[in-house]
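First the structure, in the form of structure tokens, and then the observations on it.
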Amino acid sequence: MVDTQRAHTVKSVAGALLFIVLLSGCASPYHWQSDRRITSLPPLVELTDVSFFPQERFQCGPAALATVLSHSGVKVSPATLQQQLYLPKRQGSLQAEMVATARHYDMLVVTLTPYFATLFHANLATRPAVGDGRSASGAVTRHRNTE
């Protein structure tokens, strides 16, 4: 009886250890694939046909959004967008307003993972993107296909 109880205890401990080992493999994020993709990217991508809007004080969000919108054919200035986006008490713009304003101009907003390579592998290496530098995640705007 003691041998049966000991064998059961050994099996239980071995099973618990196997479970912990398998579970620990799932505990860390799966990054190696996105890191591997970075080597396949071109060393430099410069978007020379994108309009540049120099920002005035507190125009970071409006200037960035105006850049993306104008590249998609929307005629808008950072000053116009500042009236829609700027929150005086915050001295800036919130992501929710950026998304809503982009959608107002018939843009599709896609939130990406916080990995730089994702921008390129989402076929955006030839399109401007708006990113949130504080959280390393971003919202990318592309013109919505209405056909």
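Sequential numbering of the sequence shown, starting at 1338, is according to my numbering. Glycine included, every Cβ here is placed at the ideal spot set by N, Cα and C.
Residue environment for Ser-1430: buried (at least 16 other C-beta atoms within 10 angstroms of its C-beta). By the criterion of a C-beta distance shorter than 7 Å, Ala-1403 is surrounded in its chain by Phe-1390, Val-1413, Ser-1414, Pro-1415, Leu-1418, once the five residues flanking it on both sides are discounted. A buried status is given to Ala-1439, since no fewer than 16 other beta-carbon atoms sit within 10 Å of its beta-carbon.
Distance from the Cα of Asp-1443 is smallest, within the candidate group Gln-1428, Gln-1432, Leu-1424, Leu-1406, for Leu-1406.
Annotation: Pro-1391 is outside any alpha helix (DSSP H) and is labelled neither H nor E by DSSP. Pro-1425 counts as exposed, since fewer than 16 other C-beta atoms from the protein chains shown sit within 10 angstroms of its C-beta. Around the beta carbon of Ala-1400, 16 or more other beta carbons sit within 10 angstroms, so the residue counts as buried. Met-1435 sits close to Gly-1398, with the two beta carbons spaced by under 9 Å. Counting only residues of its own chain and dropping the five nearest sequence neighbours on each side, Phe-1395 has a CB closer than 8 Å to the CB of Gln-1419, Tyr-1423, Gln-1428, Gly-1429. Around the C-beta of Val-1467, 16 or more other C-beta atoms lie within 10 Å, and the residue is accordingly described as buried.
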